[in-house]
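Per this note's numbering, the sequence shown starts with residue 798, numbered consecutively.
Ideal Cβ placement from N, Cα and C applies to all residues, glycine included.
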Amino acid sequence: MQLMVLFSLNPEKAQTPPPHELLEAEFEAVRGLYMENLIRQVWLRSDGSGAFAIVEANSVDDAAEKLGRLPMVRAGVLQAPVIVPLSPYWGFAPRAN
Numbered sequence: 798m799q800l801m802v803l804f805s806l807n808p809e810k811a812q813t814p815p816p817h818e819l820l821e822a823e824f825e826a827v828r829g830l831y832m833e834n835l836i837r838q839v840w841l842r843s844d845g846s847g848a849f850a851i852v853e854a855n856s857v858d859d860a861a862e863k864l865g866r867l868p869m870v871r872a873g874v875l876q877a878p879v880i881v882p883l884s885p886y887w888g889f890a891p892r893a894n
């Protein structure tokens, strides 16, 4: 199942940049989830407030459990991710006349 995932900075911790070691740990963890085919695409939000990802998982719970282990989520720098299940867009299907 494909999921849309929105990561947002925790406003209480967004005043100071995260330590370099935490950022590197996050980058490594995200690369690992990409290599495991959990994360299919990941984008930074241009306003600097977080990130967006397309994820493939067996369930929302499975994705939430794995994404909840990300270092910046565990450290509280990022809020718990918002996960939305996606379904195919049916507007491209053939139309009956």
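With DSSP as the reference, identify every bridge partner of M798, one or two as the case may be. Looking at the DSSP assignment, M798 forms no beta bridge with any residue, so it has no partner.
Since V852 is in the beta strand (DSSP E), which residue starts that stretch and which ends it? It spans G847 to E853 - the beta strand (DSSP E) in which V852 sits, taken as one unbroken run.
Tell me where the beta strand (DSSP E) around V881 begins and ends. Unbroken beta strand (DSSP E) run through V881: V879 to P882.
Thinking C-alpha only, which one of M798, A893, P882 and Y886 is nearest N834? Nearest to N834 by C-alpha distance, out of M798, A893, P882 and Y886, is M798.
Quick check on L883: buried or exposed, where buried means 16 or more other Cβ atoms within 10 Å of its Cβ? L883 should be labelled exposed.
Here's the rule: buried if 16 or more other CB atoms are within 10 angstroms of the residue's CB, otherwise exposed. What is E853? Counting other Cβ atoms within 10 Å of its Cβ, E853 stays below 16 and is therefore classed as exposed.
Identity of the residues DSSP links to F804 by a beta bridge: In DSSP, F804 forms a bridge with A848.
Which stretch, first to last residue, makes up the beta strand (DSSP E) that contains L841? In the DSSP annotation of this structure, the continuous segment of the beta strand (DSSP E) that includes L841 starts and ends at I836 to L841.
Alpha carbon to alpha carbon, how far is L803 from A848? Give it in angstroms, no decimals. When rounded, the distance between both Cα atoms is 6 angstroms.
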